[in-house]
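Everything below concerns the one structure shown next.
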Amino acid sequence: MNSIDKIKLPIKKELDEFEKKFKDSLKSEVPLLDKIMNYIIQRKGKQMRPMLVFLCAKAFGNINEKCYRAASLIELLHTATLVHDDIVDEANFRRNMFSINAIWKNKIAVLVGDFLLSKGLSLAVENEDFELLKIVNAAVQDMSEGELLQIEKTRRLDINETTYFNIIRKKTAALIATCCASGGSAAGLSVEKVNNLYTFGENIGVAFQIKDDLFDYTTNDYIGKPIGIDLKEKKMTLPLIYTLNKVEAKKKKEIKKMVNNINDKNISEIIKLVQNEGGVEYAINQMQIYQKKALGFLSELPDNECKTALSSLINYVVNRNK
55 MNSIDKIKLP IKKELDEFEK KFKDSLKSEV PLLDKIMNYI IQRKGKQMRP
105 MLVFLCAKAF GNINEKCYRA ASLIELLHTA TLVHDDIVDE ANFRRNMFSI
155 NAIWKNKIAV LVGDFLLSKG LSLAVENEDF ELLKIVNAAV QDMSEGELLQ
205 IEKTRRLDIN ETTYFNIIRK KTAALIATCC ASGGSAAGLS VEKVNNLYTF
255 GENIGVAFQI KDDLFDYTTN DYIGKPIGID LKEKKMTLPL IYTLNKVEAK
305 KKKEIKKMVN NINDKNISEI IKLVQNEGGV EYAINQMQIY QKKALGFLSE
355 LPDNECKTAL SSLINYVVNR NK
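Residues 55 to 376 (the numbering used here) make up the sequence shown, in order.
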């Protein structure tokens, strides 16, 4: 049994039930949509977002129908954003399978993303889950702003550390925070506890994104060698931002020139520079700060199997190989 399967154990029954309910929520009277929805279901990932909803709900209270709707609403939103992201990034693969746009082209992929968003909205409105809708709506706005801010700053290569954290809080951490807050809200927790869960999830999300950023600059047995995907897309991530702030003006100009004229040779040079200047070590330290913040929140809770699973999930986020 792998680490993710162990983390799922306290909520295995709930996740199995969720899969059935989520599949039902994707049904359509349009044959083409049904075909695409079945394809999407086959691409199931680690289920981190539903896991957070159920673990946070069960750690504090009981799982109810509203918890299932919260998990479905977030998964519909998340799936829609992935479909739209693949169009924006012109990506042909997602989770080792062809992306929706690669098979059915951009026009249909855009409409599929819109359909998923509308399904999520309908699920919440029909059940009058307006508090859940309020929490999730804030995440949609944050994610859109984060993506646009990153695109704007990438063009000019002028992202500082403050802007970087603002981007990843909006782009990545907001949705993970929303999972935790939605689980608490669905379980009937007070506004204060829901807000605390949001901050808890935000800390997990920031650590998650920094770990993703580190894959560009670190070698491990699973990945093999640095691949520089973010550098190819001219994304300014924390290891590079730290390095640019540390080196002298002349070297900074050289690095920016290499990023603007990216090729395999320049990628190798930048990776070497970032490693030598302590950019990787700095990013790891920052990631661990957010990891400790999240674990610190859990330390205040009474012991139960969901608390243990959440602790394991936080450690998995920062130790994973992909």
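By construction, the Cβ of each residue, glycine as well, lies at the ideal position given by its N, Cα and C atoms.
Quick check on DSSP: helix, strand or coil for residue i?
{"i": "R148", "result": "strand"}
{"i": "G167", "result": "helix"}
{"i": "M312", "result": "helix"}
{"i": "P64", "result": "helix"}
{"i": "F269", "result": "coil"}
{"i": "Y276", "result": "Residue confidence for Y276 is low, a pLDDT of 49 falling below 50, so the modelled location carries little weight and cannot support an answer."}
{"i": "S82", "result": "coil"}
{"i": "L243", "result": "coil"}
{"i": "G255", "result": "helix"}
{"i": "G238", "result": "helix"}
{"i": "E287", "result": "coil"}
{"i": "N379", "result": "Given a span of 55 to 376 for the chain in the structure shown, any question on residue 379 remains unanswerable."}
{"i": "K304", "result": "helix"}
{"i": "K98", "result": "coil"}
{"i": "N375", "result": "coil"}
{"i": "N214", "result": "coil"}
{"i": "I281", "result": "coil"}
{"i": "N249", "result": "helix"}
What residue does the alpha helix (DSSP H) around residue i start on, and which one ends it?
{"i": "M341", "result": "333-353"}
{"i": "A134", "result": "119-142"}
{"i": "K112", "result": "102-114"}
{"i": "G200", "result": "184-210"}
{"i": "D357", "result": "Here D357 belongs to no alpha helix (DSSP H), and DSSP marks it neither H nor E."}
{"i": "S378", "result": "No information on residue 378 is available, as it lies outside the stretch 55 to 376 that the chain covers here."}
{"i": "K379", "result": "With the chain covering only 55 through 376, there is no way to say anything about residue 379."}
{"i": "T226", "result": "Segment: none, T226 is in no alpha helix (DSSP H) and carries neither H nor E."}
Quick one: measure Cβ to Cβ for residue i and residue j, integer angstroms, because I've assumed they're closer than 8 Å.
{"i": "S366", "j": "S57", "result": "7 Å"}
{"i": "V371", "j": "A261", "result": "6 Å"}
{"i": "C360", "j": "P64", "result": "5 Å"}
{"i": "V190", "j": "T135", "result": "Actually they are not in contact, since the Cβ atoms of V190 and T135 sit about 12 Å apart, beyond 8 Å."}
{"i": "N241", "j": "F114", "result": "The sequence as given places Ala at residue 241; Asn does not occur at that position. Indeed they touch by this definition, with Cβ atoms about 6 Å apart."}
{"i": "L251", "j": "G238", "result": "4 Å"}
{"i": "Y344", "j": "N257", "result": "5 Å"}
{"i": "K131", "j": "S79", "result": "The amino acid occupying residue 131 in the given sequence is Leu; Lys does not appear at that position. Actually they do not touch by this definition, with Cβ atoms about 12 Å apart."}
{"i": "I128", "j": "A363", "result": "Between A363 and I128 the Cβ distance is about 18 Å, and since that is not below 8 Å, they are no contact."}
{"i": "A402", "j": "V137", "result": "It is not possible to answer for residue 402, since the shown part of the chain is limited to 55 through 376."}
{"i": "L268", "j": "I338", "result": "7 Å"}
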